[in-house]
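To keep things clear, I will list the structure first and then write my remarks on it.
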Amino acid sequence: MKMRLTFWRLIFLALVVAGLYATTIRFTQGLGRSTNLSDDFPWGLWIGFDVLCGVMLAAGGFTLTAAVHIFNIKRLRPIVRPTILTAFLGYLLVCAALMYDLGRPYRIWHPLIMRNPHSVMFEVAYCVMLYTTVLALEFSPIVLERFDMQRPLKLIRAMLIPLVICGVLLSTLHQSSLGMLYLIVPEKLHPFWYSPWLPIFFFISAVAVGLAMTIFESSMSAKHLGCQLELSILQELGRVLMVVLWVYAILRFDDLWRRRVLYATLQPGYEMYLFWLEIALSVVFPLALLLQPRVRASSNGLYFTAVLVVLGFITNRMNVSITGMESAAGRHYLPKWTELSITGAILALGFAVFGLAARYLPIFVSEANAVSAGAGPETTSTAAVARLSHAGN
Amino acid sequence: MSKALLYDATICIGCKQCEVACSQQNKLPYNEAIAAEPKQSEHKFTAVLTQGDKFMRRLCMNCQDPACASVCPVGALTKTSTGPVTYDAAKCMGCRYCMVACPFKVPKYEWSKLLPKVRKCTMCADRLAAGQQTACAEICPTGATKFGERDQLIDEARSRIRDNPGQYVKHIYGLNEVGGTSVLLLSSVPFEQFGYPSNLINEPVPMLTFRALSKIPDIVSLGGILLGGIWWITNRRAEVAAAKGRKSLPNPKGQRTQWGGKQ
Numbered sequence: 129m130k131m132r133l134t135f136w137r138l139i140f141l142a143l144v145v146a147g148l149y150a151t152t153i154r155f156t157q158g159l160g161r162s163t164n165l166s167d168d169f170p171w172g173l174w175i176g177f178d179v180l181c182g183v184m185l186a187a188g189g190f191t192l193t194a195a196v197h198i199f200n201i202k203r204l205r206p207i208v209r210p211t212i213l214t215a216f217l218g219y220l221l222v223c224a225a226l227m228y229d230l231g232r233p234y235r236i237w238h239p240l241i242m243r244n245p246h247s248v249m250f251e252v253a254y255c256v257m258l259y260t261t262v263l264a265l266e267f268s269p270i271v272l273e274r275f276d277m278q279r280p281l282k283l284i285r286a287m288l289i290p291l292v293i294c295g296v297l298l299s300t301l302h303q304s305s306l307g308m309l310y311l312i313v314p315e316k317l318h319p320f321w322y323s324p325w326l327p328i329f330f331f332i333s334a335v336a337v338g339l340a341m342t343i344f345e346s347s348m349s350a351k352h353l354g355c356q357l358e359l360s361i362l363q364e365l366g367r368v369l370m371v372v373l374w375v376y377a378i379l380r381f382d383d384l385w386r387r388r389v390l391y392a393t394l395q396p397g398y399e400m401y402l403f404w405l406e407i408a409l410s411v412v413f414p415l416a417l418l419l420q421p422r423v424r425a426s427s428n429g430l431y432f433t434a435v436l437v438v439l440g441f442i443t444n445r446m447n448v449s450i451t452g453m454e455s456a457a458g459r460h461y462l463p464k465w466t467e468l469s470i471t472g473a474i475l476a477l478g479f480a481v482f483g484l485a486a487r488y489l490p491i492f493v494s495e496a497n498a499v500s501a502g503a504g505p506e507t508t509s510t511a512a513v514a515r516l517s518h519a520g521n
Numbered sequence: 475m476s477k478a479l480l481y482d483a484t485i486c487i488g489c490k491q492c493e494v495a496c497s498q499q500n501k502l503p504y505n506e507a508i509a510a511e512p513k514q515s516e517h518k519f520t521a522v523l524t525q526g527d528k529f530m531r532r533l534c535m536n537c538q539d540p541a542c543a544s545v546c547p548v549g550a551l552t553k554t555s556t557g558p559v560t561y562d563a564a565k566c567m568g569c570r571y572c573m574v575a576c577p578f579k580v581p582k583y584e585w586s587k588l589l590p591k592v593r594k595c596t597m598c599a600d601r602l603a604a605g606q607q608t609a610c611a612e613i614c615p616t617g618a619t620k621f622g623e624r625d626q627l628i629d630e631a632r633s634r635i636r637d638n639p640g641q642y643v644k645h646i647y648g649l650n651e652v653g654g655t656s657v658l659l660l661s662s663v664p665f666e667q668f669g670y671p672s673n674l675i676n677e678p679v680p681m682l683t684f685r686a687l688s689k690i691p692d693i694v695s696l697g698g699i700l701l702g703g704i705w706w707i708t709n710r711r712a713e714v715a716a717a718k719g720r721k722s723l724p725n726p727k728g729q730r731t732q733w734g735g736k737q
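In order, the protein sequences belong to chains F and U. According to this note's numbering, the residues represented by the first sequence are 129 to 521, in order. According to this note's numbering, the residues represented by the second sequence are 475 to 737, in order.
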C-alpha cells in the first residue's frame, strides 16, 4: 500500500521530528536547557497542559462507562469504545509527559515502595497507575475481539462491573486530587482560583468536559468515519451538560462571593482578563448557547458548544497552574519552544494512534451497524461483529 | 526537645561569615561573585541580604510542620525530631511539588544538571546529630544567629523585644507562621521588606490538604456502595423486564444488555 503525503500527515511528521529533536535536548542537556522552568516557576506547560488538561480530557471515559454500565443508559453504548480509547490514550500520554517533566524519570516507580500517604502527589501517583491499569483492562476486549481470543475475553467480561466501579472511583479521586494539589498554596495561588473547593471544581468541570468530549468525538467520528450518535442522544448529552455547567457556575460564583473576591474580578488587570476569558468560554457562552432551543436541537450547535466548553476548561487548568501562580512567583512564564514541541509531538502521536486504532480495531461499532457490517468490505468476521452487541462494552 | 535558630537582624553586621561556613559545611562553591548574589539558590543555601544599613538572613525555615515534607510523595523530605528538615536524594524522583508547596520558596533545583537534586539548608542535621550547633551559629561573630532550644529562644526573643521595644518590630517571625518554624527572626524593619511573606496562615499548611485527603476513605467506601447499589437496581430492573419478555430471548446475558431499563 502506498502512503500518500497529505497535509495532515505532513504536519504530523513535522511535529514528530521537532519533538524528537527536543527530546534529545531534554535528555542530554537537562531541564534547565530544555525548558523555561526555574526556581521561581517549577511547574510549567508539561504539568499545566499535558498532565492537568490531559487527565481532564480523558474524563469522558469514566462519565460514559458510569452512564452505560452503572446507570444502564444503553443508548450511549455506541460511543463507549471511542471514549475509553480516548481516556486510555490520554492517560498513556500523561505518563509520557511525566517522563519528560520528572527530574529523574527512571524513579517514577518510587511511590510503589516509598509511601507518604499524607501527600496529594502520592495519591495522584497511585490514581495514575491504577486507573491506567483499569483503562487498559476496559480497553482490552477491543483488542481481544480483534484477534478472537475467547478465554481472556470471558474473564474480562466477568470482571466488567467491578472494573467500571473501580474506574469511576479512581477517576473521581484523580480528577479532584489534581485540584487538591493546589490547596497547600493559599498564599501563592491568586484568589480568583484558590479556593477550598478546588477539588470539587476540578471534579465537576471534569464531568462537564467528559460530556463535551463525548459530543465532540461523536461529531469527529461522524465527519471522518461516517458513524455518529443519534441526534436524540446528542441532545440528551447537551441537556446533561447544561445542568452540570449550571451547577459549576453557581458553585464557582457562590465561592467567589463568599470569599469576597467577586468585586475584585472587575478590577482591570492581567489576572482579570484571563479569569473572564476562562469564565466566558467555559460557562457564559456555552450556557447562553444551550439555553437556545435551536442550538440544543442541532448537532452542529452542540458540537460548537462542546468545543467552547473544552477550550474554556483548558483555560481554567492553565489559569490555575500558570496564570494564578505568576504574581506570587514575581515573573511571567512562557514555555520554551522545546516544551511546546514536545507537547505538540505527544498530542500528534495521540491523534495518530487514535486514527490507527479506529481503522484497525472494532472501535466504532454499534448494534445498528453491526448488522450491516456483514455486507461491508471489512474483513472482520460477521460473527465477531455480531458478538459485539453482547460485549461488555 | 526541638532545636532552633534565632536570628536577630539588629545585631547582624552583614559580614557573611555564615554564608562562608554554610558553603564549607555543605561543600558548595563560594567566591566573591556568589557572595554578591542576593538570593538562595542550588549553590547558596543561606543569603545575607542588605538594604542600606539593615540586614536580613534567608535560609530554610525548617518548619515545625513542613509543607515540603507533607507533599513529598516518596518521603524524601523528613522533619526530624530535633528540628532539621532533611532531604534524602536517593528517594527523590524530581516532581518538584516541594518547590511549589513551600510558603518560603526555599527548595531549589539543580536545573542545569542531567540528574538534578533538590537543594536546601537542612539546619546542619549531621552536626546536630553529633551534638554540635549549626555551622552558621557557631561562626557568627556577634551572636546574631543563635542556636538553642526552641522554647528558650522564644523566651529570649520575647525578652529582647520587651527590653528594647523601640528597636524591634513587635513580631517574632516564625513563632506562629504556618504553625511555627525552627528558625525565628527578629528585625527592626518589616519582614516583608526582605521577601518574607506576610500573608501566611498561622495553621500548619499540611492541614489544608490533609483535611481533603482524609475524606478519601469515605468517598471510596460510600461511592463504592452507591455505585454498586445503583448498578444492582438498574440491573435488577432490566432482569425483571427481561423475564416478562422471556419467550423472545434465548440467553440471559443477552437479555441484560438488550433490555436495558430506560435510565
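Note that beta-carbon positions come from the ideal geometry of N, C-alpha and C, so glycine has one too.
In chain order, what residues of the same chain have a beta carbon less than 8 Å from the beta carbon of residue i, not counting five sequence neighbours either side?
i	result
Gly188/F	Thr211, Thr214, Ala215, Val337, Gly338, Leu339, Met341, Thr342 and Glu345
Gln363/F	Arg424, Ala425 and Leu430
Ala563/U	Ala550, Lys591 and Val592
Leu230/F	Ile236
Ile300/F	The residue you asked about is not Ile; residue 300/F is Thr in the sequence shown. Taken in chain order, the residues that qualify are Phe190 and Phe331.
Ile153/F	Arg161, Ser162 and Thr466
Gln498/U	Tyr504 and Ala609
Ser268/F	Pro280 and Ile284
Quick one: residues in its chain with C-beta nearer than 7 Å to the C-beta of residue i, no 5 flanking neighbours on either side, listed in chain order?
i	result
Ile675/U	Val652
Gly488/U	Val522, Thr524 and Phe529
Gln491/U	Ile613, Cys614 and Pro615
Leu409/F	Leu436, Leu439, Gly440 and Thr443
Leu298/F	Cys255, Leu258, Tyr259 and Val262
Candidates the options: which alpha carbon is nearest residue i's?
i	options	result
Ile361/F	Ala485/F, Ser427/F and Leu309/F	Ser427/F
Cys223/F	His246/F, Ile201/F, Val252/F and Ser247/F	Val252/F
Asp600/U	Thr554/U, Leu696/U and Glu584/U	Thr554/U
Trp705/U	Asn164/F, Lys202/F and Asp178/F	Lys202/F
Pro671/U	Ala186/F, Gly160/F, Thr191/F and Gly458/F	Gly458/F
Gly557/U	Arg570/U, Trp585/U, Asn536/U and Gly703/U	Asn536/U
Cys496/U	Arg632/U, Phe519/U and Gly568/U	Phe519/U
Arg232/F	Val580/U, Gly568/U and Pro691/U	Gly568/U
Ser247/F	Leu602/U, Asp637/U, Cys546/U and Asp692/U	Cys546/U
Ala350/F	Arg386/F, Val481/F and Phe492/F	Phe492/F
Ile474/F	Pro324/F, Tyr228/F and Arg243/F	Tyr228/F
Gly622/U	Arg636/U, Pro680/U, Gly640/U and Val657/U	Val657/U
Ile456/F	Val179/F, Glu315/F and Pro206/F	Checking the sequence, you will find Ala at residue 456/F rather than Ile. Among Val179/F, Glu315/F and Pro206/F, the Cα nearest to that of Ala456/F is on Glu315/F.
Ser347/F	Ser333/F, Ala392/F, Leu365/F and Val335/F	Leu365/F
Arg738/U	Thr596/U, Ala541/U and Cys598/U	Residue 738/U lies beyond the range of chain U shown here (475 to 737); nothing can be said about it.
Ala377/F	Ser333/F, Leu359/F and Ser323/F	Ser333/F
Hey, quick one: how far does the alpha helix (DSSP H) through residue i stretch, first residue to last?
i	result
Gly295/F	Leu288 to Met308
Tyr376/F	Leu359 to Arg386
Met573/U	Tyr571 to Ala575
Gln491/U	Gln491 to Gln499
Ala611/U	Ala609 to Ile613
Val389/F	Element bounds for Val389/F: n/a, residue is neither H nor E.
Ser469/F	Trp465 to Tyr488
Determine whether the beta carbon atoms of residue i and residue j lie at a separation below 8 Å.
i	j	result
Lys582/U	Lys565/U	no
Leu659/U	Tyr481/U	yes
Pro490/F	Ile284/F	no
Glu273/F	Leu265/F	no
Ala712/U	Asn200/F	yes
Arg380/F	Phe413/F	no
Val389/F	Pro319/F	yes
Val179/F	Ala142/F	no
Asp383/F	Trp325/F	yes
Ile470/F	Thr193/F	no
Val196/F	Leu701/U	no
Tell me, please, which residues DSSP counts as bridged to residue i.
i	result
Gly622/U	Ala478/U
Lys518/U	Ser515/U
Tyr561/U	Leu551/U
Gln525/U	Lys528/U
Tyr647/U	Leu659/U
The beta strand (DSSP E) that contains residue i, what's its start and end?
i	result
Lys553/U	Leu551 to Lys553
Arg532/U	Lys528 to Arg532
Val657/U	Val657 to Leu660
Quick one: residues in its chain with C-beta nearer than 6 Å to the C-beta of residue i, no 5 flanking neighbours on either side, listed in chain order?
i	result
Met446/F	Gly176
Asp539/U	Gly653, Pro678 and Pro680
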